[in-house]
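Take 118 as the starting number for the sequence shown in this note's numbering and just add one per residue.
All residues carry an ideal CB built from backbone N, CA and C; glycine is no exception.
Owing to the predicted nature of the structure, the values given are computational and were not obtained by experimental measurement.
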Amino acid sequence: METFEGKVAVVTGGASGLGLAMAQRFADAGMNIVIGDIEAEPLAMAEAAIAAKGVKVLPRRTDVAKAEDVEALAESAYRTFGGVHVLCNNAGIGGSPGAMWELSLDDWRWVVDVDLWSVVHGVRSFVPRMIASGEEAHVVNTASLAGLVSGAVGGPYTVAKFGVVALSEQLYYELGRAGHNIGVSVLCPGFVNTNIYDSGRNRQPGYGEAANEPTAEAEQLRATLQAMREQMLQPAEIGDLVFEAVQSRSLYIIPTGSEALSDAVRARLENVVERRNPPLDLPLI
Ligand SMILES: NC(=O)c1ccc[n+]([C@@H]2O[C@H](COP(=O)([O-])OP(=O)(O)OC[C@H]3O[C@@H](n4cnc5c(N)ncnc54)[C@H](O)[C@@H]3O)[C@@H](O)[C@H]2O)c1
118 METFEGKVAV
128 VTGGASGLGL
138 AMAQRFADAG
148 MNIVIGDIEA
158 EPLAMAEAAI
168 AAKGVKVLPR
178 RTDVAKAEDV
188 EALAESAYRT
198 FGGVHVLCNN
208 AGIGGSPGAM
218 WELSLDDWRW
228 VVDVDLWSVV
238 HGVRSFVPRM
248 IASGEEAHVV
258 NTASLAGLVS
268 GAVGGPYTVA
278 KFGVVALSEQ
288 LYYELGRAGH
298 NIGVSVLCPG
308 FVNTNIYDSG
318 RNRQPGYGEA
328 ANEPTAEAEQ
338 LRATLQAMRE
348 QMLQPAEIGD
358 LVFEAVQSRS
368 LYIIPTGSEA
378 LSDAVRARLE
388 NVVERRNPPL
398 DLPLI
């Protein structure tokens with residue numbers, strides 16, 4: 118996509134972290150912004166921060182786990198602005214502590230609903246409208262390094278994010294082969310300094326309480342990650358990468374600068390090709 122001024126970007130989870138950085142970057146390019154987020158107060162703050170850039174903002178309380186909420190977000194965006202040119206299916210959560218066999222069905226459903234079904238909902242509600250408009254458009258799905266490498270973080274998160282990578286690649290093939298002028302990107306960062314380490318704040322009441330208390334080891338990891346936050350990538354850097362990927366129509370958005378990240382992906386693929394069992398320990402990436 119070469120021009121952005123006056124076009125429209127929809128960002129789910131745009132009230133915080135990576136989504137807010139994407140919304141800000143697209144606003145800096147003159148796009149009007151639609152934010153769908155579950156958290157009211159940060160949503161209002163994001164609205165004010167983006168409106169201050171001189172573009173139009175449409176904030177909408179949305180639970181991306183619910184198809185009807187995402188459909189209402191799409192209806193509202195098209196009714197207000199008449200078109201959507203960039204869709205960022207970004208809202209997500211980290212999940213509950215515990216080995217996958219110890220997690221409750223609600224623990225599993227919460228993560229898979231918010232991290233994977235949300236992207237299905239986004240594609241089903243927005244892509245047909247984008248196709249019908251005939252205008253150039255782009256879909257960005259937020260996965261994670263955990264969508265390319267297993268064993269690094271929790272089971273449901275890894276399963277959901279591998280799903281987001283697969284969905285994005287499949288969408289790329291299907292849209293491309295059908296000749297639609299819609300690009301696809303999948304964002305796969307390692308650790309970024311956001312509020313994801315506190316994502317229990319957004320667990321909807323319908324999913325009950327987490328089945329397990331964090332183990333001492335999990336608490337230790339959380340403390341290590343908290344202490345590392347300033348050294349992690351910052352959200353604005355991801356906002357720039359996403360913007361560049363939409364400009365250049367790049368499928369994979371994998372932050373460079375961390376060789377450990379590329380090494381982990383390469384090692385996994387080599388293990389697959391060589392039919393070799395991976396080692397059980399992974400470096401923190
Ligand atoms: N921060 C990282 O290290 C990292 C790394 C890789 C991938 N990611 C992914 O980035 C995405 C954004 O997370 P973040 O790191 O910015 O975290 P964050 O907690 O700062 O932001 C997530 C946003 O999503 C919203 N949200 C949560 N549940 C929702 C729901 N059901 N419906 C609508 N909105 C909901 C939150 O209110 C919040 O505004 C997620 O998909 C996450 O998996 C993050």
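- Message: Can you list, in chain order, the residues of its chain with a C-beta nearer than 7 Å to that of Ala168? Leave out the 5 residues immediately preceding and following it.
- Response: Val174
- Message: Less than 8 Å between the beta carbons of Thr197 and Leu190, yes or no?
- Response: no
- Leu175 lies in the beta strand (DSSP E); which residues open and close that run? 174-178
- Query: Taking the runs of the beta strand (DSSP E) that are 3 residues or longer, which of them lie wholly in the stretch 291-359?
  - Reply: 299-304
- To the nearest angstrom, report how far apart Phe143 and Asn394 are at their CA atoms. 43 Å
- Item | At least 3 beta-carbon pairs within less than 8 Å: the stretch 269-286 vs the stretch 308-316 | no
- Terminal residues of the continuous beta strand (DSSP E) containing Thr259? 254-259
- Message: So Glu219 and Ala328 are supposed to be a Cβ contact under 8 Å. How far apart are they, rounded?
- Response: 7 Å
- Where do the ends of the alpha helix (DSSP H) carrying Thr197 lie? 184-198
- Query: Is Asp398 helix, strand or coil when you go by DSSP?
  - Reply: coil
- Task: Could you please give the first and the last residue of the uninterrupted beta strand (DSSP E) stretch that includes Gly153?
- Result: 149-154
- Item | Cβ neighbour criterion (16 or more within 10 Å) applied to Pro214 | buried
- Message: Gly134 and Asp154 - do their beta-carbons sit closer together than 8 Å?
- Response: no
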